[in-house]
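Quick notes on the structure that follows.
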Amino acid sequence: MIRMILADDEPVIMRGIRKLLDWRRMGIEIVGEYEDGRRALEALVRDKPDIALLDISMPQMSGVEILKECRAMENHVSVIFISGFQDFEYAKDALKYGAVEYLLKPVIREELLRAVEKAISQIRGEEEAERIRTEETAAAGGVNYGLLMENQDTGYVPVYADILYHRGEDEPMKRLIHFSLFSLLEEYLSETGKGIVFRKNDKIAMILKGKERDEIRREVEAVWEKSFNATGHTAFFVIGDAVFSMSGIPSMFERCLQRGGYLFFADKMPVPVIDLHEKVFAARGDADRLGDLRQKLFDAAVGQSEEQMKEIGRQYGRVVLSLSEGKREDACFYFCTAVRFMEEKCNAFDLPGCRPQIKELLERGRACENYGEMEELFEREFERYLDAVRTAAVNGDRRDIIKAKEYIDRHYMENLSLNVLAQEVHMNPYYFSSFFKKNTGENFKDYVNRIRIEASLSMLLSTDMKTYEIAEKVGFGDIRMFNAAFQKIYQETPGSYRKRVRGRE
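Per the working numbering, the very first residue in the sequence shown carries number -2; after that it's consecutive.
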């Protein structure tokens, strides 16, 4: 027997519809009649009839609002709209939401019959799909939206829930832990009546009743603590904004899923409960800070300070945590740039590097279960440079040259002199001049000019700065000195170099 409800704020209309057709002979049982939209929706959720004849215009909720709510709850009831003449165009537009048909008041028997036959045909054609949907829903623990509707003034807050697994846990174990979390949430919400939980494409969705953000957060944090005590695993929650209709739930839950990348970083959160708007990790630096720390990592390798390298590595990890903003790929990239920097610095100072395979390193970083594991992976990579420099048996003279070159690389745009560099490495200025030439094969002035000229090239080719402006920016006292140094290396002036290379583009 097909089950049907009627909803119209004019009882005379419902009585007329009852008399128009022999419903029982058609295999249809009218299981409820309602005079306002809210009660009709409650009946649709509670009783799950197959067909609903709904007036377009009713108190509390319109027929179209009811249909939209049903579709949001994946309730596939076949809806036939009834409308007065003034709502006719509105009823036609409602077809796009999945109504079977619309009828104009007063309802004509033949038109009603055709609409009902169309609904019956649709129902029978979807019986197999509905059976599959029902089985999937049952397997997921069921979705009883009726539990949310006890108080019509409440809001609905979608919450995405997930679990952070331990290293080495296989897929069967992960499925078991995921199921344990779902069961705990289901039991808790059932006992407290504070909401419902279900699975959506293998993702756990909680819908909590309420609208006060602080209250909802306290509730979720309490659930997090219960889940940790029960499973021994860190659960992760993203709290959405309150919505005030069932139709708003799916899109809000999708927004929660968009912050799911923070699950990878959950092991770094005291309580991994976040919402859509908060800054999850307080700012601890920026890209410039990363550059400073990369230099310090290399300095620690040259200085053979394992303790210093570990501390700087931890600082680097904290800055990456903030800059990544929930993106595992970005975190992995920032760590790989540090490894690449270390390798380039080793090559620049004729030190043995580690020849890292960056592509392979990226893949290993992406495969980490959580951020803590990624930090450990790159901490080991940094320590490899300690060992590589150690095997090079860097003596005191070599360290002093490396220190001098690093200082020049960082301060070439300033007024560098022999006295400044000699003081930096604690040498007599006269001795430092011969010391530098002996260990680099290049006198101090030529080396500084070459570093400055190399820095000027990108400005010549990628900016419209005047030549004298570039000369000043890279540390030359005047344009003549810049031109002379440039011609010594490239056998042409900066201006002709710019014109020639740009002409090829």
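We put the CB at the ideal spot given by N, CA and C, even for glycine. As the structure is a computational prediction, the values presented were derived from the model and not from experiment.
- Measuring C-alpha to C-alpha distances from V74 to each of F432, V220, G95, E26 identifies G95 as the nearest.
- Inclusion of S80 and I63 in the CB contact set at 8 Å is not warranted, their separation being larger than that value.
- Closest in C-alpha terms to V498, from the list S455, R256, I476, comes S455.
- Secondary structure note for P426: its alpha helix (DSSP H) is the uninterrupted segment 426 to 437.
- Across the set E403, Q301, R291, the C-alpha of R291 shows the shortest separation from the C-alpha of F338.
- Leaving aside the five residues that flank V317 on each side, the residues in its chain whose CB is nearer than 6 Å to its CB run, in chain order, A328, Y331.
- Distance from the CA of L50 to the CA of P155, rounded to the nearest whole angstrom, comes to 30 Å.
- Here the region 350 to 357 makes no contact with the region 395 to 411; the two share fewer than three CB pairs at distances below 8 Å.
- For the 8 Å CB-CB criterion, I(-1) and D47 form a contact.
- Taking the C-beta atoms as reference points, P426 is found no nearer than 8 Å to S453.
- Below 8 Å, too few C-beta pairs join the region 251 to 269 and the region 173 to 191 to call them touching: fewer than three.
- From the listed residues G438, S493, T437, I486, the smallest Cα separation to T464 is found for S493.
- Contact between I448 and A482 is ruled out by a C-beta separation of about 11 Å, above the 8 Å threshold.
- Under DSSP, no beta-bridge partner is assigned to L41.
- L182 is a Cβ neighbour of A158, given a cutoff of 8 Å.
- Here L3 is buried: its Cβ has 16 or more other Cβ atoms, across all protein chains shown, within 10 Å.
- The Cβ atoms of G258 and G323 sit closer than 8 Å to each other.
- Look at the region 63 to 117 and you find these whole runs of beta strand (DSSP E), each 3 residues long or longer: 75 to 80, 98 to 101.
- Cβ-Cβ distances below 8 Å link L273 to V235, I236, G237, D238, R252, C253, R256 in the same chain, with the five nearest sequence neighbours on each side left out; the list follows chain order.
- In the three-state scheme derived from DSSP, where H, G and I count as helix and E and B as strand, R21 is classed as coil.
- For the 8 Å CB-CB criterion, G152 and V277 do not form a contact.
- Judged by beta-carbon spacing, L109 lies within the 8 Å limit of L18, meaning their Cβ atoms are closer than that value.
- Rounded to the nearest whole angstrom, the CA to CA distance from K197 to R68 is 15 Å.
- A straight-line Cα-Cα distance of about 26 Å links S319 and R381.
- Distance from E66 to M243 at the Cβ level is roughly 4 Å; contact confirmed, criterion being Cβ atoms closer than 8 Å.
- Cβ-Cβ distances below 6 Å link E421 to Y404 in the same chain, with the five nearest sequence neighbours on each side left out; the list follows chain order.
- Within 10 angstroms of the beta-carbon of R495 lie 16 or more other beta-carbons, which makes it buried.
- In the structure shown, L359 falls within a helical segment according to DSSP collapsed to helix, strand and coil.
- Per DSSP, reduced to three states, the secondary structure at F479 is helical.
- Residue pairing by DSSP puts M203 in a beta bridge opposite V156, V194.
- DSSP places T231 in no alpha helix (DSSP H) but in the uninterrupted beta strand (DSSP E) bounded by 231 to 236.
- Across the set E222, E26, S430, the C-alpha of E222 shows the shortest separation from the C-alpha of I160.
- For Y31, the secondary structure class from DSSP, reduced to helix, strand or coil, is strand.
- A401 carries a helical assignment under DSSP once its states are collapsed to helix, strand and coil.
- For L3, the uninterrupted beta strand (DSSP E) run begins and ends at -1 to 4, by DSSP.
- By the CB criterion at 8 Å, V386 and Q488 fall outside the cutoff.
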